[in-house]
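Shown next, in structure tokens, is the structure this report addresses.
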Amino acid sequence: METIKTEGDIETIIGASVRVEGDLIGQNNMKIFGQVAGKVQTKGDIFIEESANIEADVEATNVTISGTVEGSVKAIERLKVEKSGKISGDIAAKILSIATGASFSGQCNMINGDQPQSPTTTSKPKEKPTPESTTPPKQG
Amino acid sequence: MFFYVYDKLVGSKKNTKKFGQMQTKLNELGILNDKAEISTTTTIENAVDGALSSGRHYNIIAVGDDATAHYTINAILKSNASSKKTVFGLIPFDPSYIAGTLGMSHDIEKACLAISRRKLEKIDIGYANEGTCFINSLNITCKRLGSSVGKLRNIFSRQKKRPTVTIKVRDFTVKTSAQRIAICNSPAGWEEILKKSGVSAGKVSPQDGFVDLITHNDTGEPAKEDTSFISAQKLEITSPDKITILADYTKKLQPPIKVGVGKQLLKVIVGKERNF
Chain W
174 METIKTEGDI
184 ETIIGASVRV
194 EGDLIGQNNM
204 KIFGQVAGKV
214 QTKGDIFIEE
224 SANIEADVEA
234 TNVTISGTVE
244 GSVKAIERLK
254 VEKSGKISGD
264 IAAKILSIAT
274 GASFSGQCNM
284 INGDQPQSPT
294 TTSKPKEKPT
304 PESTTPPKQG
Chain Z
178 MFFYVYDKLV
188 GSKKNTKKFG
198 QMQTKLNELG
208 ILNDKAEIST
218 TTTIENAVDG
228 ALSSGRHYNI
238 IAVGDDATAH
248 YTINAILKSN
258 ASSKKTVFGL
268 IPFDPSYIAG
278 TLGMSHDIEK
288 ACLAISRRKL
298 EKIDIGYANE
308 GTCFINSLNI
318 TCKRLGSSVG
328 KLRNIFSRQK
338 KRPTVTIKVR
348 DFTVKTSAQR
358 IAICNSPAGW
368 EEILKKSGVS
378 AGKVSPQDGF
388 VDLITHNDTG
398 EPAKEDTSFI
408 SAQKLEITSP
418 DKITILADYT
428 KKLQPPIKVG
438 VGKQLLKVIV
448 GKERNF
């Protein structure tokens, strides 16, 4: 019954009472409730919870933000900003959804397959009028 | 051949009946071979090294609690006479987290049966500063201020006065003042906290080549938001404050401590209820 793992190949949880400094790089899902300063990167998904305060660039397959991020956010697939989410930095994603009440200040770049789109400047801060809107991937 | 290392507590009055039961059962099973009772003149290291050096004993069975098991494992791993054939087993006489990891029943007859069945697994061993090995965990305990002024400060500022612990993991450092901090090779003692945090206890396995940093704050809030979980192969623990680190709830260590893991270093006898 041996479990085979590779470095970082497990769900990582950063608790509310914890501060991480440096490059937090992994392979699987991460949940962050605490503070991170540096870089956050995983091939899995990242959940930045309401109590989290991130001063770092974030990159993952899917990113869900309910807390505060100061830094760029790149989601290879989907970026979901919940109503309590605050982003101060540029974002890039294939699919983007921002809930009413969320705050976003920066540039938005929609990823379309291998062809990156030119950045779109957004208002600061931005609030969506509908409860939740989703931008599907653009067709080539 | 089986070699039994008895702790003093095994011979205590409260354990007389249990000890008799064990002797009878081991005799019935035909595995009551040699033994050494630990005393001021016979250390576990000497007893285990002597047994392994004799070339007759491969099965070293600790009879006692976590301390007996911890020091027996350290003695096996430090002995030059230890070989690939060497096997560790435990017959628990007191509550024991290591017994929980190995799935050894506190029912003496069941534990003796498991020893005789000799179902083996290879497990990882954590090490601290290369001088101490642990099978379960390193638990970091933070001392609160002891003076009367300090106690008052603690009352008014509980969170602020809790010592800070820094743990270096790969390319980042973790700083925390959590109430409970541990480096785990096995989930024993942390099952409930892991469950509440949505982490399966199976992810803390003594067979995966990793140790896991777990921190937990018990503030009455949902535990989910107060727990951290990070897997690593190497860690370094430091603190500017007075902290004590307990290996397997037994041996006291002081920081700085470099922690590593030796993959599948020890063969152990396991019972049905093992936690990996």
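Chains W and Z are the protein sequences, given in the same order.
With our numbering, letter number 108 in the first sequence gets 281, and the count goes up by one each step, no holes.
With our numbering, letter number 103 in the second sequence gets 280, and the count goes up by one each step, no holes.
The beta-carbon is built from N, C-alpha and C at its ideal position, and this holds for glycine as well.
Helix or strand or just coil, what does DSSP make of residue i?
i, result
"Asp301(Z)", "strand"
"Gln280(W)", "strand"
"Tyr426(Z)", "coil"
"His247(Z)", "helix"
"Ala189(W)", "coil"
"Ala248(W)", "strand"
"Ile253(Z)", "helix"
"Glu369(Z)", "helix"
"Leu203(Z)", "helix"
"Asp226(Z)", "helix"
"Lys194(Z)", "helix"
"Tyr235(Z)", "coil"
Residue i to residue j, Cα distance in whole Å?
i, j, result
"Asp196(W)", "Ile284(W)", "24 Å"
"Phe406(Z)", "Lys216(W)", "18 Å"
"Ile250(W)", "Glu369(Z)", "Note that residue 250(W) is Glu in the sequence shown here, rather than Ile. Each residue's Cα considered, the two are about 34 Å apart."
"Ser374(Z)", "Asn223(Z)", "43 Å"
"Ala276(Z)", "Gly232(Z)", "27 Å"
"Phe220(W)", "Gly437(Z)", "29 Å"
"Asp348(Z)", "Lys256(W)", "32 Å"
"Ser190(W)", "Asn394(Z)", "7 Å"
"Gln200(W)", "Asp389(Z)", "16 Å"
"Gly274(W)", "Phe206(W)", "20 Å"
"Gly379(Z)", "Asn226(W)", "30 Å"
"Val242(W)", "Ile186(W)", "17 Å"
"Leu203(Z)", "Tyr248(Z)", "23 Å"
"Gly266(Z)", "Ala265(W)", "55 Å"
"Gln280(W)", "Ile268(W)", "15 Å"
"Val264(Z)", "Asn251(Z)", "13 Å"
Would a check of beta-carbon distances place residue i closer than 9 Å to chain Z?
i, result
"Glu255(W)", "no"
"Pro232(W)", "Residue 232(W) is actually Glu in this sequence, not Pro. Cβ-Cβ to chain Z under 9 Å: no for Glu232(W)."
"Thr215(W)", "no"
"Ser239(W)", "no"
"Ile187(W)", "yes"
"Ser190(W)", "yes"
"Gly195(W)", "yes"
"Gly258(W)", "no"
"Gly342(W)", "Not covered by the structure: residue 342(W). The range shown for chain W is 174 to 313."
Do you know whose CA, among the options, lies nearest residue i's CA?
i, options, result
"Ile391(Z)", "Gly397(Z), Leu412(Z) and Gln384(Z)", "Leu412(Z)"
"Ser224(W)", "Glu250(W), Lys216(W) and Lys259(W)", "Lys259(W)"
"Ile473(Z)", "Phe180(Z), Lys287(Z) and Lys195(Z)", "Shown here, chain Z extends from 178 to 453; a query on residue 473(Z) therefore has no answer."
"Gln384(Z)", "Lys435(Z), Leu297(Z), Leu430(Z) and Tyr235(Z)", "Leu297(Z)"
"Glu184(W)", "Pro340(Z), Ser260(Z), Thr220(Z) and Ala409(Z)", "Ala409(Z)"
"Val447(Z)", "Cys310(Z), Ile302(Z) and Leu290(Z)", "Leu290(Z)"
"Lys262(Z)", "Leu442(Z), Phe453(Z) and Lys449(Z)", "Leu442(Z)"
"Gly188(Z)", "Val240(Z), Ser230(Z), Val225(Z) and Thr201(Z)", "Val240(Z)"
"Ala272(W)", "Gln208(W), Gly188(W) and Thr237(W)", "Thr237(W)"
"Lys372(Z)", "Asp403(Z), Ile414(Z) and Thr220(Z)", "Asp403(Z)"
Go ahead and label residue i buried or exposed: buried means 16 or more other beta carbons lie within 10 angstroms of its beta carbon, across all protein chains shown.
i, result
"Met203(W)", "buried"
"Thr433(Z)", "What sits at residue 433(Z) in the sequence shown is Pro, not Thr. When all chains shown are included, Pro433(Z) counts as exposed."
"Asp242(Z)", "buried"
"Ser354(Z)", "buried"
"Arg294(Z)", "exposed"
"Lys185(Z)", "exposed"
"Gln431(Z)", "exposed"
"Glu307(Z)", "exposed"
"Thr193(Z)", "exposed"
"Gly323(Z)", "Residue placement at Gly323(Z) is poorly supported in this model, since its pLDDT is 48, which falls under 50; the coordinates still yield a value, given next. Exposed, by the Cβ-count rule."
"Met178(Z)", "exposed"
"Lys253(W)", "buried"
"Glu205(Z)", "exposed"
"Lys449(Z)", "exposed"
"Asn257(Z)", "exposed"
Looking at chain W, is there any beta carbon in it that lies within less than 9 Å of the beta carbon of residue i?
i, result
"Asn362(Z)", "no"
"Ser408(Z)", "yes"
"His247(Z)", "no"
"Asn223(Z)", "no"
"Lys380(Z)", "yes"
"Lys296(Z)", "no"
"Thr318(Z)", "no"
"Val351(Z)", "yes"
"Ser405(Z)", "yes"
"Asn394(Z)", "yes"
"Arg233(Z)", "no"
"Asp348(Z)", "yes"
"Val445(Z)", "no"
"Ala365(Z)", "no"
"Ser230(Z)", "no"
Would you say residue i faces chain B, with C-beta separation under 9 Å as the test?
i, result
"Gly207(W)", "Reference to chain B is not applicable here, since the protein chains of this structure are W and Z."
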